[in-house]
Amino acid sequence: MTLNKVVGSAAEAVADIPNGASLAVGGFGLAGIPWFLISALLEQGAGDLTIVSNNCGVDGAGLGLLLEARRISRVVASYVGENKEFARQYLAGELTVELTPQGTLAERLRAGGSGIGAFFTPTGVGTLVAEGGLPWRYRSDGSVALASPAKEVRTFGDKEMVLEESIVTDYALVRAAVVDKAGNCKFHAAARNFNPPAAMAGRITVVEAEQVVEVGALHPDEIHLPGIFVKRIVELTPEQAAHKDIEKRTIRARGADQ
């Protein structure tokens with residue numbers, strides 16, 4: 001029998017995510033995010049979530065919807081500059097935020113999916129990333145309630161490096177361009193940024209796919225993520241697959257001067 005990981009709907013795919021779960025979520029800004037899995041999770045109702053993602057959506061879109069509904073309690077991210085509600089919750093002491101260098105975050109996810117417990121990197125040496133003291137959570141009066149701890153620093157050759165722990169989450173939500181029924185994934189262009197490492201980090205990984213094909217339809221060189229990392233697949237309709245917003249749209253009148 002051919003392996004088939006396709007489930008009936010996005011709602012079915014996220015139905016068992018409980019309160020307090022941790023989730024790795026793919027995408028960069030609004031590019032390549034799992035729009036419909038996020039929407040289904042919003043409808044499902046789980047709260048007190050820990051989200052590991054490059055950013056936390058924007059006001060009114062993506063993970064920003066979960067944030068506005070007060071369903072997220074902790075975020076591990078790199079870039080959060082496009083979300084005013086995120087900043088408000090963080091500075092008001094309503095949200096715990098672990099800011100992480102972007103490449104380090106990607107490697108922490110990849111390492112978690114590869115069974116690597118931790119790794120050394122020069123990124124962050126000599127800063128609060130290594131020395132500790134980054135405000136993870138504020139009090140309502142603006143004082144720091146929780147700060148990042150100091151990390152181990154060792155010298156390799158002639159270069160100091162800081163120890164970073166890998167990340168493994170309960171679930172992962174990602175989006176792919178083409179997925180076969182066994183879960184082998186192909187990502188398109190910029191969507192191939194945080195989606196593969198996020199998918200690797202989840203114990204239960206759910207993929208929303210713009211196109212689902214039979215096993216064998218993808219050439220091995222096209223596969224960016226092996227199906228062993230994928231537990232569930234949601235096939236999008238053509239209309240859903242075409243839904244690809246961006247944070248800021250800048251246009252110029254046709255024929256305008258260069």
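Numbering (UniProt numbering), first residue to last: 1 to 258.
Heads up, the beta-carbon is just placed ideally off N, CA and C, and yes, glycines get one too.
Item: Distance, residue 254 Cα to residue 50 Cα; Value: 45 Å
Item: As assigned by DSSP and simplified to three states, the class of residue 39; Value: helix
Item: Close beta carbons around residue 19, own chain, < 6 Å, minus the five adjacent residues each side; Value: 46, 47, 48
Item: Identified DSSP bridge partners for residue 185; Value: 179, 225
Item: Residue environment, residue 32, which counts as buried when at least 16 other CB atoms sit within 10 Å; Value: buried
Item: The segment 167-183 touching the segment 85-96, judged by at least three CB pairs closer than 8 Å; Value: no
Item: Span of the alpha helix (DSSP H) around residue 159; Value: Careful: residue 159 lies outside any alpha helix (DSSP H), inside the beta strand (DSSP E) at 159-165.
Item: Rounded straight-line distance, which links the Cα of residue 156 to that of residue 259; Value: Within the shown structure, residues of the chain are numbered from 1 to 258, placing residue 259 beyond reach of any answer.
Item: Reduced DSSP secondary structure (H/G/I, E/B, other) of residue 14; Value: helix
Item: Under the three-state DSSP convention, the category residue 120 falls into; Value: strand
Item: Within 8 Å, strictly: CB atoms of residue 185 and residue 225; Value: yes
Item: Residues that DSSP places opposite residue 51 in a beta bridge; Value: 23, 75
Item: Nearest neighbour of residue 221, chosen from 187, 233, 206, 252 [CA to CA]; Value: 187
Item: Sheet register partners of residue 156 (DSSP bridge); Value: 159
Item: Close Cβ partners of residue 202 (< 6 Å) along its chain, the five nearest in sequence each way excluded; Value: 24, 169, 171, 172
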